[in-house]
Amino acid sequence: MTELILDVHDLSIDYRTPRGKLKALRNINMQIPKGKIVGIVGESGCGKSTLIGAIINLLASNAEVTKGGVKLAEDELFNLSKKQMQALRGDRFSMVFQDPMTSLNPVVSIGNQMIDIQYRDKISKKEKAAKAAAMLDKVGIPDPESRLSQYPHEFSGGMLQRIAIAMALLVEPELLIADEPTTALDATLEVQIIYRLKELQASQGCSILFISHHLGVIAELCDEVVVMYSGEVVEKGSVRDIFHNPSHPYTQKLLQCDPAAIKQKTRDLPTILGSLPDLIEVPKGCIFAERCDSASANCHENKPKVSQLNDNHMASCHLLNEAGALYA
Amino acid sequence: MTVSSLKQMLVMPSFEFLTGFKLAIKRLCKEPLGLLGLILVTLIVGSAILAPWIVPHDPIAIDVLNRLKGPSAEHWLGTDQLGRDIFSRVLMGSQVALKVAFSAISLALGFGLLLGLIAGFGPAWLDHIIVTLFDTVRSFPTIIFALAVVTLTGPSLTTIILVIVVTSIPIYGRVVRTQTQALSAQEFILAERALGASMPRILGVHMLPNVIGQLLILASMDVPIVITIEAGLSFLGLGIQPPTPSWGTILNDGYLFIRNTPWMIIAGGIPLILCTLGFTFLGESLRDIFDPKLRKDI
Amino acid sequence: MWFFLVKRCGLGVLIVCLAVTALYLMIHSIPGDPASIILGPRATEEMKAALAVKMGLDQPILIQLFNFFKDVFQGDLGFDVFSQRPVIDIIMEQLPHTLILILVSIMWAAAIGIPLGCYSAIYQNSLFDKISAILSVGTIAIPSFVVAIYGLLIFSVTLRWLPAIGAGDSGDIADQLTHLILPSLAVGLGWVGYISRLVRSSMLETLGANHIRTARAFGLPERVIIYRYSLRIAILPTITLLGVGVGYLLSGALFAEIVFARPGIGKLIFDAVSTRNYPIVMGSVLITTILFVIVTTLADFVNALLDPRIRAHA
């Protein structure tokens, strides 16, 4: 068995709301092997952000972990004290957030922010600045030394996201978590940044958890993919398995909806009909049954089991339980 | 867009006052500070209305034999330098304070509404001028402005009200302007216009109900400020003129005789403090209940 | 940055010019002619005519206005009706007292209000937060002149701890400081509430911002996050408030000066109003306006210095 850098096991999280408990995540299981890039796909509201919040232990104050846990290498994160957790953040794992324009402090210069995050290292400020400049150079910021004294508003969105990536890599993390890092950028920039990220990952040897709803990016960058729907993992496997042999109806629909996959000119883009289920009164059967074309009475009544389709390709669907061989 | 949904959009913004009022009382009772404010305000408004009937003595009757007397069964809060009953003067003072507050705020609200609508609907240059005027007036020291006016016109009730109206117009004008601009960009207003509704109709049916709730909350928060200005000017001898009782003049009398009779100051100041606290607590609770967004304007 | 500087100063000059014009028009809208008002009811016709010529009242209004502007910008605000001394000299004698009072008041209010608001935001909804919220509303609601009178009654008249009137001996710093305690308490008390509420709300907003989440995700120590990354942003609206609030401060100072018989521009204006000494009133109002414009402009500059975003956009 490969060494795991991150192991989310059986994780369930509720949000307390005025209407009652909103069950945002239910029994999430997913792993990130050392040195691999794992992508999470799913539409907005599927619990991606809650999952990240749980991993870095910065959940909203009304969130409550009801079951399971997160292991970073050997450490069970929920057992750590606040202090120990703080020591992990920005050391063993780091984050790149979605919106580069707002995720850097507007009144502290880029250089100072990059120096501040190295506060654990016992080297001089000058050396820290040199390291920061070197890292900016690596992510492709021209003339890095002079740009250290500039403020976020003096950079474009693409530049800022490179800086954010540089900051995340600067601390040499074991795990880098990137939450839709390219969503706010245009397509050409997106490709540049993806390749840069892949290069740097290879040279630093860290693992990456990459969240996106852009399937093309996931296919390009990741080794493994986790498909989430409404707070559950519905399918996971290697990029090849997911893209060439999608087994859960939701994954199949998702792939059909990807505009890049549509070959013919059409006026109507394919969509998944219906809307996300209410997570306060979670349906008792399959979570996707409401929107699934092939749903039977069984699907509405009972939760599907996880079918193991090959070594690391898994999906939760009743259709697979009945005719698993057909898909495997 | 279907006809029925359009209709719904047009009907939706109407404000149901009665249910709103009941809701406000209900929610207020749950908040200790809001409830305290409500009780204080009820007490003060009640005594202001009933003052002429419940005063134990004539508040302006001079009794030179009994001047500067301490509290007694006859005079609950003692007498002032002319032998007038302080308790009666304090009671009547509440009426004066609320009269000034009510008239000044209604006038300011009216003018503010008008100027705000002009700024919101009018051309950009006019909007610019009005906003600059609002900003300047709002931040200019009220009392010093009042002093300059009083020098020219002499102290009187009209002068106080004039000063207060001028300095409070921006409070209302700004909100009306912002609301007008936000609202005129909204779909149901566009729909109305597309259907050929006239400007007065749009204003009357949509703008007012939307904006009036906010204005009333602001007005209730403005009461303590206005009462403070009135009391302050009267304290300086530039506001309400003797023998009419006002909390400010009572404080001034007390200040002059501070070494002989401390109760005059206490009698003039405590109601003023209770009144400003009461209206502030009430106003802030109302704002929190109905319109948390207003919070940003402090 | 330079463009911003010039633009902001231009606006300031514009406001002062408007104020000068408004003042001039106000003087001339007094019922009756200014000469007879200045000279009083016992003036003879010859005296009035002589003064009218001296004041340039016989010339067209635009020329009068121009001359008025010229005088004002040369620092000539006319002469005191009683002592015949230049108004500007009298004002400049009184101004420092007011400035010191305002400065001391706002400094102690900020020294208490900023930490109060900051900790209320960090420990949102705690008991501390709730108590400080009530205290803040309370201090804002109580009129400053009532604080002044009650302070006088309690600490000077009853307890005899602090001096009641004046500004203290001019050579004796300690004496001057004890004379400052009560007036600055009266002027500053409401500001404790204003500042703490403003700092609390802007701190809450900042602490919820994306970049603070980033700082947390990098495990930065809480102390760095609060002082270096949040407070610097949360403090900006407070500086604007102080700039705009100089008007309220002046009003507060006026009451404190009158109650404590302290020299200063407020007391000067008040005494002049009581004796209908127009040149002093108008001169003081004008100086106050200029002071007000300078302070608001200054606040904008400080904001621009602290916030690189404003520097760029303005």
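Chains as they are written, first to last, in the working numbering: chain A, -1 to 326; chain B, 108 to 405; chain C, 550 to 863.
C-beta atoms are modelled at their ideal positions from N, C-alpha and C, and glycine is treated no differently.
Note that this is a predicted model, so its numbers are computed, not measured.
Distances from the alpha-carbon of His242 of chain A to those of A:Tyr13, A:Ala217, A:Gly33, A:Glu230 put A:Ala217 closest. Taking a cut-off of 8 Å for Cβ pairs, the stretch 266 to 278 of chain B and the stretch 305 to 313 of chain B do not touch, as fewer than three such pairs fall below it. Of all alpha-carbon atoms in A:Arg24, A:Thr15, A:Pro16, the one lying nearest the alpha-carbon of Pro281 of chain A is that of A:Arg24. In the three-state reduction of the DSSP assignment, His7 of chain A falls in the strand class.
For Gly662 of chain C, the enclosing alpha helix (DSSP H) covers residues 636 to 671. For a Cβ distance threshold of 7 Å, nothing in chain C lies close to Phe397 of chain B: the least Cβ distance comes to about 18 Å. DSSP places Val203 of chain B in the uninterrupted alpha helix (DSSP H) bounded by 193 to 228. Chain C places a beta carbon closer than 9 Å to that of Gly339 of chain B, counting this residue as a contact.
With at least 16 other beta carbons inside 10 angstroms of its own, Val223 of chain A counts as buried. If one requires a minimum length of 4 residues, the alpha helix (DSSP H) runs lying completely within the stretch 231 to 292 of chain A are 237 to 242, 247 to 255, in chain order.
Taking the C-beta atoms as reference points, Leu189 of chain B is found no nearer than 9 Å to Phe364 of chain B. Three or more Cβ pairs closer than 8 Å define a contact, and the stretch 785 to 797 of chain C falls short of that threshold against the stretch 114 to 123 of chain A. Contact between Leu726 of chain C and Leu785 of chain C does not hold, since their C-beta atoms are separated by about 31 Å, which reaches or exceeds 8 Å.
For Met312 of chain A, the beta-bridge partners assigned by DSSP are A:Lys234, A:Gln306.
For Leu780 of chain C, there is no enclosing beta strand (DSSP E); the enclosing alpha helix (DSSP H) covers residues 780 to 783. Inside the stretch 158 to 220 of chain A, DSSP marks whole alpha helix (DSSP H) runs of 4 or more residues at positions 185 to 202, 213 to 219, from first to last along the chain. Per DSSP, the unbroken alpha helix (DSSP H) holding Ala326 of chain B starts and ends at 315 to 342.
Interface annotation for the stretch 687 to 704 of chain C against chain B: Gly687, Ile689, Ala690, Ile691, Pro692, Phe694, Val695, Ile698, Tyr699, Leu701, Leu702, criterion Cβ-Cβ distance under 8 Å. In terms of Cβ geometry, Ala211 of chain B and Ile156 of chain B do not form a close pair [threshold 9 Å]. For the 9 Å CB-CB criterion, Gln96 of chain A and Asn103 of chain A do not form a contact. In this structure, the CA atom of Asp291 of chain A is about 12 Å from the CA atom of His298 of chain A. Here DSSP, grouped into helix, strand and coil, assigns Lys619 of chain C to helix.
Per DSSP, reduced to three states, the secondary structure at Ser147 of chain A is coil, with no helix or strand assignment. Within the DSSP bridge table, the entry for Lys129 of chain A names no partner. About 5 Å separates the Cβ atoms of Leu254 of chain B and Val822 of chain C, confirming a contact at the 8 Å cut-off.
CA-to-CA, the gap between Leu145 of chain B and Ile336 of chain B works out to about 22 Å. In chain order, Arg762, Arg765, Ala766 make up the part of chain C whose C-beta sits under 7 Å from the C-beta of Leu56 of chain A. Residue pairing by DSSP places Asp12 of chain A opposite A:Lys21, A:Glu62 in a beta bridge.
According to DSSP, Met28 of chain A shares a beta bridge with A:Val6. When beta bridges are read from the DSSP output, Tyr227 of chain A appears opposite A:Glu230. In the assembly as shown, Cys204 of chain A is a buried residue. Its beta-carbon has 16 or more other beta-carbons within 10 Å. Exposure of Lys556 of chain C is indicated by the presence of fewer than 16 other C-beta atoms within 10 angstroms of its C-beta.
Neighbours of Glu391 of chain B in chain C, taken as residues whose beta carbon is under 7 Å from its own, are Val686 in chain order.
When the beta-carbon positions are compared, Arg765 of chain C and Arg90 of chain A stay at least 9 Å from each other.
At least one CB atom of chain C sits nearer than 9 Å to the CB of Met165 of chain A. Taking every protein chain shown into account, the CB of Leu222 of chain B has 16 or more other CB atoms within 10 angstroms, so this residue is buried.
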